[in-house]
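**Q** Residue numbers (our numbering): -5 to 363. Each residue gets a CB set at the ideal place from its N, CA and C atoms; glycine is no exception.
1. Using only CA atoms, which one of 126, 263 and 201 lies nearest to residue 351?
2. Suppose contacts are defined by Cβ-Cβ distances below 8 Å. Is residue 321 in contact with residue 126 by that definition?
3. What span of residues does the alpha helix (DSSP H) with residue 364 cover, start to end?
4. Decide yes or no for the touch test of the region 206 to 221 against the region 89 to 104: beta carbon pairs closer than 8 Å, at least 3 of them.
5. Considering only the beta carbon of each residue, do residue 77 and residue 306 sit closer than 8 Å?
6. Can you look up residue 343 in the DSSP assignment and give me helix, strand or coil?
7. Report all residues from its chain with a CB closer than 7 Å to the CB of residue 341; omit the five preceding and five following residues, and keep chain order.
8. Would you call the region 255 to 271 and the region 206 to 217 touching, i.e. three or more CB-CB distances under 8 Å?
9. Hey, how far is the Cα of residue 300 from the Cα of residue 225?
10. What separation, rounded to the nearest whole angstrom, lies between the Cα atoms of residue 139 and residue 130?
11. So residue 101 and residue 275 are in contact, right, with Cβ under 8 Å, and what is the actual spacing, rounded?
12. In the DSSP assignment, the alpha helix (DSSP H) including residue 285 goes from what residue to what residue?
13. Would you kindly check if the distance between the Cβ of residue 111 and the Cβ of residue 304 is under 8 Å?
14. Can you give me the start and stop residues for the alpha helix (DSSP H) that residue 256 sits inside?
15. Quick one: is residue 83 buried, meaning 16 or more other Cβ sit within 10 Å of its Cβ, or exposed?
16. Would you mind working out which of 353, 296 and 337 sits nearest residue 318, comparing C-alpha positions?
17. Can you grab the Cα-Cα spacing for the pair residue 142 / residue 150, in whole Å?
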């Protein structure tokens, strides 16, 4: 059963029966809990069929509120720039993230923090020349702000985990395993929302699991650090699933630049606090010129062009297309890491075979939706 929320039909099911979902006022987060959930309507928070509802009921209540300052999810407007070319450019920029990380000796926490801090600084400059974006930013209510903060927190830990994964395992393994993000959306929905995946989705997940196991088996020869990197990449995929799910619901109601300023700013703040609380990770001192060049390149390319491009496209295209397009990242990252002499990571048979199975499994699962 897929639960949806709409005006005048709180808790209504797919057929508008009015029956309530298995969580109500008696749920752990219900009745004025820490997220302000009152057990009423439930927000569709994710890509196409699957969604996060629970604490992020903020979205549903945005539509119900009479406060005009609250962002409202509305119909998709006409895109000023065609989203498909934007996705192609974004995926190309994404593909450079892993190879760029390899050129820095800085800790993963520092790389991820500066990647976001520099991105937020650039966005702040853009906002100076966009009065409409500043107005949109100032008009965001508490619920919209809270939702953006939640998405930013997931994004922060996603970057931290994935950059650490690249440092422990191969670029190709980290890129392929993090591409399992759409499968984690289905798994979380099955666990927390009692939504049974369709047969095609089960089949896709099964194929992807076999592929991941194949990659892990091949990485045994590289030692325990490679397996740790594989695990971190899978964890980053889980965090990305949560980030994109919330962004898919929040993005249509916000201006692009105000949205990414809020989300990237929240992520940068989380990572900045983490750096300040970690004595072994300096914020500024001790980094070489090459490290700073990598920080700037990650902010300009994979972050501002890659992630911002996908955030732009999420407002205008179906999530199926966006998720499918992002699958080009592991292919591009593998080729770059192989062809760049400074890295020279030739993909082995287990990576090629396992990676192909993972991508096939994700495609099968996405098509089943």
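**A** This is what the structure holds:
1. The residue you call residue 351 lines up with position 357 of the chain shown. Of 126, 263 and 201, the smallest CA-CA separation from residue 351 is found for 201.
2. Working through the chain shown from its first residue, we reach residue 321 at position 327. Working through the chain shown from its first residue, we reach residue 126 at position 132. Judged by beta-carbon spacing, residue 126 lies beyond the 8 Å limit of residue 321, meaning their Cβ atoms are not closer than that value.
3. Nothing about residue 364 can be reported from this structure: the residues present for the chain run from -5 to 363 only.
4. These segments do not touch.
5. Looking up residue 77 in the chain shown gives position 83. Looking up residue 306 in the chain shown gives position 312. Cβ distance < 8 Å, so residue 77 and residue 306 count as in contact.
6. Stepping through the chain shown from its first residue, residue 343 is reached at position 349. Look at residue 343 here: in three-state DSSP terms it is helix.
7. Walking along the chain shown from the start, residue 341 turns up at place 347. Closer than 7 Å at the Cβ level, and outside the excluded window around residue 341, lie 166, 328 and 332.
8. In short, these stretches do not touch, since the Cβ pair count stays below three.
9. As a working mapping, residue 300 is identified with position 306 in the chain shown. As a working mapping, residue 225 is identified with position 231 in the chain shown. Note on geometry: alpha-carbon atoms of residue 300 and residue 225 lie some 24 Å from one another.
10. Taking the first residue of the chain shown as position 1, residue 139 is located at position 145. Taking the first residue of the chain shown as position 1, residue 130 is located at position 136. Between residue 139 and residue 130, the C-alpha separation is close to 12 Å.
11. Within the chain shown, the letter at position 107 stands for residue 101. Within the chain shown, the letter at position 281 stands for residue 275. Their Cβ separation, rounded to whole angstroms, is 5 Å, which keeps residue 101 and residue 275 in contact under 8 Å.
12. In the chain shown, the residue the question calls residue 285 occupies position 291. From DSSP, the alpha helix (DSSP H) with residue 285 extends over 283 to 292.
13. Taking the chain shown and counting its residues from 1, one reaches residue 304 at position 310. Taking the chain shown and counting its residues from 1, one reaches residue 111 at position 117. Going by C-beta atoms, residue 304 is not nearer than 8 Å to residue 111.
14. One-based indexing of the chain shown puts residue 256 at position 262. Segment 250 to 270, the alpha helix (DSSP H) holding residue 256.
15. On the chain shown, position 89 is the one that residue 83 refers to. It counts as exposed.
16. Walking along the chain shown from the start, residue 318 turns up at place 324. Closest option to residue 318, Cα to Cα, is 353.
17. As a working note, residue 142 is residue 148 in the chain shown. As a working note, residue 150 is residue 156 in the chain shown. Across the structure, residue 142 and residue 150 are spaced so that their CA atoms are roughly 12 Å apart.
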